[in-house]
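Enquirer: Sharing a structure, written as structure tokens. Questions coming.
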Amino acid sequence: MGGEFSRAPNPRIPFSSLLLLLLSLCLSAALSAAQTPSFRSFSPRDAYLINCGSLAQTRLDDGRIFKSDRESTSLLSTEEDVQISVDSIPSNAAVSPLSSWSLPLFRSARIFPDDSTYTFFISQPGRHWIRLYFYPLPHPNYNLSDSVFTVTTDTFVLLHDFSIKPNPKIVFKEYLINITTDRFSLQFKPKKNSFAFVNAIEIVSAPDPLFSDSANSVSPVGFFNGLSNIALQICYRVNVGGPELVPKNDTLSRTWETDYAYNKFPQGSKNVSVALNSIRYPGDEVTPLIAPNWVYATAEDLQDPETIQVNFNMSWSFNVEPSYSYLIRLHFCDIVSKVLNSLYFNVYINGMMGIADLDLSQLTGDLSTPYYRDLVLNASDIKNNTIMIQVGPSNLDSGLQDAILNGVEIMKMSNDAQSLDGLFSVDGTYMGGSRFSTMKIVAAVALGMAAIAIVFVGVMFLRWQKRPQGWEKRNSFSSWLLPLNSTHTASFFSSKSSSRRSSTVFSSRRSRTGLSAIYSNVGLGRFFSLNELQAATQNFEEKAVIGVGGFGKVYVGALEDGTKVAIKRGNPSSDQGINEFRTEIEMLSKLRHRHLVSLIGYCDEQSEMILVYEYMANGPFRDHLYGSNLPPLSWKQRLEICIGAARGLHYLHTGAAQGIIHRDVKTTNILLDENFVAKVADFGLSKAAPSLEQTHVSTAVKGSFGYLDPEYFRRQQLTEKSDVYSFGVVLFEVLCARQVINPTLPREQVNLAEWAMQNYRKGKLEKIIDPQISSSIVEGSLKKFVEAAEKCLAEYGVDRPSMGDVLWNLEYALQLQEAVSELEDPEEDKCEGLVALDKPNDNEPKGGTSASVSDDISEVSVSAPLFSEVQNFQGR
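Take UniProt numbering: the last position of the sequence shown gets the number 876, and nothing is skipped along the way.
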């Protein structure tokens, strides 16, 4: 769609495709009979259908009537025009999907030697289809194949210097524009010494719910807003796995191609279909107006997943114009599953994750129920003028490897010139800048660079003359860490470009002593030479690596005095690493707390970006829960570690001048020192909390899968409660000692948070508790701990507690555990009655000791009253 419909013939058509074609013809013939009265329920308020140049009305086989030129003369303003009409057009002019239904519209045309304008009265503002039909009919005085012209609306450029050359075939252009006034103009502007023409025009209202104002952005991840202000050109509309659909088979007179020309590996997919009446539209959000039931009743399914690679993806490739962003609408309908939640898969756009772990039955609540998703692909992410759409199995479940796609629509989005064809605006202004202005800019930049070079050489010469002995600060990253001058506290932490950073290298003269003093002022501690850190790590030996991240690698090293340190060496080639490094420095320069990992110093030599931290001898908390041979931690130890981490997060949220949201709370970012004291680490993704006037920080979603706050993921609105949710996942991870996402487990057990909450609500949580500690947990302690975890995982942030409330609960859970441990008879059986979370009090375990002690402790043995007695544990 949206271009010349000329396809190179494929010399090899598989027998299966011939069968599909035969089936498609039969089904298409039955399609009209299968229509119900609600199938075409939309009646457009505005419907201008003009067969330009025609002497009489033209009725198409779908029932639409195009008016003749005589009936539409009042809409046209022109100084001169020529009408042309023929009895027929060559048989090779019409190409799919503009088959025989459209041929009557191309037997006549209107020719405009001068600027001409159609003006339409709009009874209801909103999105409208603009459909233009072009075919160069023969004329004795005008060779339409040589015509060059521009077509614009009041606001947007639709075509610029458009020509039918070099292949004079039918051209159909389809647009979707939001018209906000009661008058709409369509202007045809011939190029000098040329002329314009058009065969047919449609201006038709589109349903309001057809497109919303926002869509998901593929990269960066987030929402793209403002679609109502953008003009769209429909480039492709494909009925994946099904036959060609013509206007009489569509709810809005649209045409749908087959996917045969775009499927890059048809051998890896198979056509599936169901009866049309089995498609159940869910309601107002997805109706037959979005796409007819034939689109959802057919699909491409993964071909026999047992015989192909596990990582195989079905792929469709579409040629597009560069320098434009595209809106991609994908249609899905689970017509292959027998039960709910058995099909989930990934969608990739140009190799990037578009939709992860898509579970259609979870989103729609049923099988054979249509669903669609809109995605925006930025112009910068389009390589080789191609959009590649791939669907393939998710990694969440190894039991069922499958994927499905029912339909694709690809729409070009207008650019900054408000054009869909080039960089000229409606008034003819070239938005890319003129050659003259470009030359002036280049000249000015060249002169500026020359002046800067002269100043740079002079300053560097003076600095070289006055350098202190041993001065070695060259090509470093101190320029964007340090203030512009030593008397100011403002820094270059927020700098975004390397050019800015390098330009400050010579801004002031600093010796190593001066640098150290300034670094100390911003909290970066001691200066280390590169030689010192190379010696400490055996020249950054791979055996010394104890962690890897987007920033680079973390090494364990020993200083000359024997002190062990953790050395984070930045990767200068990684944009992510530089950004995380900058954020880490920003945060650590402000923070000091017993339960936050401390920064000892830095190295700033030879383009190296290195930070030195205190060494945490016992490593990540997760290593002591599962996945290693380390001895298991007791329940009391786990509580103490959770309390330490909660104190660190509580300080982040409330202790700094402006609160800080960690944004990546997980057990690998809770480190343990030699005494198993917990300290929160890794502030590379952290964000300043919203001010008092704000409720949230709007930002792209970042974090770790399994710990990510679903509300933050949905709304891209970050608050301190996002950390609270992640910490709730940590608490269940501590209790159950298993991965937060384990794709090898049955579907309902893959996500730990969901699985734990299901068991908690059923009163069966004790069944999934780590058996290493289940016999030693006091019932009251467990109850208080799980209360806190459950509240942290509330769906909405407003219902979650603050970290202070969570900390209070954990400390109280520890008091309950310690009190019972002190009073228990060492010879009494501790294995019974300790983890029955919802066990009634009258069902005492054998011997009765544990239950009675627990009851006594809850009343008299702990100085703090029960949490439920002193406050209502609600989020704030």
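Each residue gets a CB set at the ideal place from its N, CA and C atoms; glycine is no exception.
1. In the DSSP assignment, find the alpha helix (DSSP H) that holds F785 and state where it starts and stops.
2. In this structure, what does DSSP give as the bridge partners for C603?
3. Can you tell me whether Y725 is buried or exposed, with buried defined as 16 or more other CB within 10 angstroms of its CB?
4. Between A688 and Q658, which are expected to be in contact by the criterion C-beta below 8 angstroms, what is the C-beta distance as a whole number of angstroms?
5. Specify the secondary structure class of S317 as computed by DSSP and reduced to three states.
6. How long is the line joining the alpha carbons of K248 and G283, rounded to whole angstroms?
7. Please tell me whether I349 and I328 are closer than 8 angstroms, where the distance is taken between their beta carbons.
8. Under the assumption that K192 contacts F149 (Cβ atoms under 8 angstroms), give the Cβ distance between them as a whole number of angstroms.
9. Should I452 be labelled buried (16 or more other beta-carbon atoms within 10 Å of its own) or exposed?
10. Mind checking whether V612 and V565 have CB atoms under 8 angstroms apart?
11. If you count every other CB in all the chains shown that lies within 10 Å of the CB of N406, and 16 or more means buried, which is it?
12. What does the Cβ neighbour count give for N475, buried or exposed, with the cut at 16 atoms within 10 Å?
13. Sorted by chain position, which residues of the same chain lie with C-beta nearer than 7 angstroms to A531's C-beta, five sequence neighbours on each side aside?
14. For T117, which residues from the same chain have a beta carbon less than 6 angstroms from its beta carbon, with the 5 sequence-adjacent residues on both sides left out?
15. On the DSSP bridge list, what partners appear for N239?
16. Pull up the distance between the alpha-carbon of L633 and that of H624, whole angstroms please.
17. On a CA-only basis, which of E818, W316, E541 and P168 is nearest R106? Give me that one, please.
18. Going by DSSP, name the residue or residues bridged to M388.
19. Run through DSSP, which three-state label would L423 get?
20. Could you check what DSSP says for W480 in three-state terms: helix, strand or coil?
21. Less than 8 angstroms between the beta carbons of Y236 and S317, yes or no?
22. Tell me, please, which residues DSSP counts as bridged to M531.
23. Scan the stretch 635-682 and note each continuous beta strand (DSSP E) run of 3 residues or more that stays entirely inside, going in chain order.
24. DSSP three-state call for K543: helix, strand or coil?
25. Taking the alpha-carbon of S323 as reference, which of F312, W294, N384 and A794 has the nearest alpha-carbon?
26. From I382 to Y296, what does the alpha carbon distance come to, in whole angstroms?
27. Exposed or buried, which one is P220 when buried takes at least 16 other CB atoms within 10 Å?
28. Per DSSP, N346 forms a beta bridge with which residues?
29. Under a three-way DSSP split, which group does Q739 fall into?
30. To which residues of the same chain is Q772 closer than 6 angstroms at the C-beta, ignoring the five residues directly before and after it?
31. Please list the terminal residues of the continuous beta strand (DSSP E) segment that includes F713.
32. Go through its chain and collect everything with a Cβ distance to I768's Cβ below 6 angstroms, but skip five positions before and after it.
33. Look at the alpha carbon of L375 and the alpha carbon of V82, and state the distance between them as a whole number of angstroms.
34. Quick check on DSSP: helix, strand or coil for L302?
35. Looking at the unbroken alpha helix (DSSP H) that takes in W101, where does it start and where does it end?
36. Spatial neighbours of F42 within its chain, please: CB distance less than 6 angstroms, with the 5 preceding and 5 following residues excluded, ordered by chain position.
Expert: Once the coordinates are examined:
1. E779 to C792
2. I610
3. buried
4. 5 angstroms
5. strand
6. 23 angstroms
7. yes
8. Not quite, the Cβ-Cβ distance comes to about 11 angstroms (not below 8 angstroms), so this is no contact.
9. exposed
10. yes
11. buried
12. With a pLDDT of only 36 at N475, under the threshold of 50, the placement of this residue in the model should not be trusted; the figure read from the coordinates follows. Counting Cβ neighbours within 10 Å, N475 comes out exposed, since fewer than 16 surround it.
13. Here residue 531 turns out to be Asn, not Ala, going by the sequence shown. Counting only Cβ-Cβ distances below 7 angstroms, and skipping sequence neighbours, we find nothing.
14. S77, S185 and Q187
15. T258 and G407
16. 7 angstroms
17. Here the sequence assigns Phe to residue 106, which means Arg is not the residue at that position. Of the listed residues, the one whose Cα sits closest to F106 is P168.
18. S317
19. coil
20. Residue placement at W480 is flagged as unreliable, the pLDDT there being 35, under the threshold of 50; a coordinate-derived value is accordingly withheld.
21. no
22. It should be pointed out that residue 531 corresponds to Asn in this sequence rather than to Met. Bridge partners of N531: none, in fact.
23. 670-672 and 678-680
24. helix
25. N384
26. 28 angstroms
27. exposed
28. G392
29. coil
30. P632
31. Segment P710 to R715 is the alpha helix (DSSP H) holding F713; no beta strand (DSSP E) there.
32. C736 and N759
33. 43 angstroms
34. strand
35. Neither: W101 is in no alpha helix (DSSP H) and is coded neither H nor E.
36. P207 and L289
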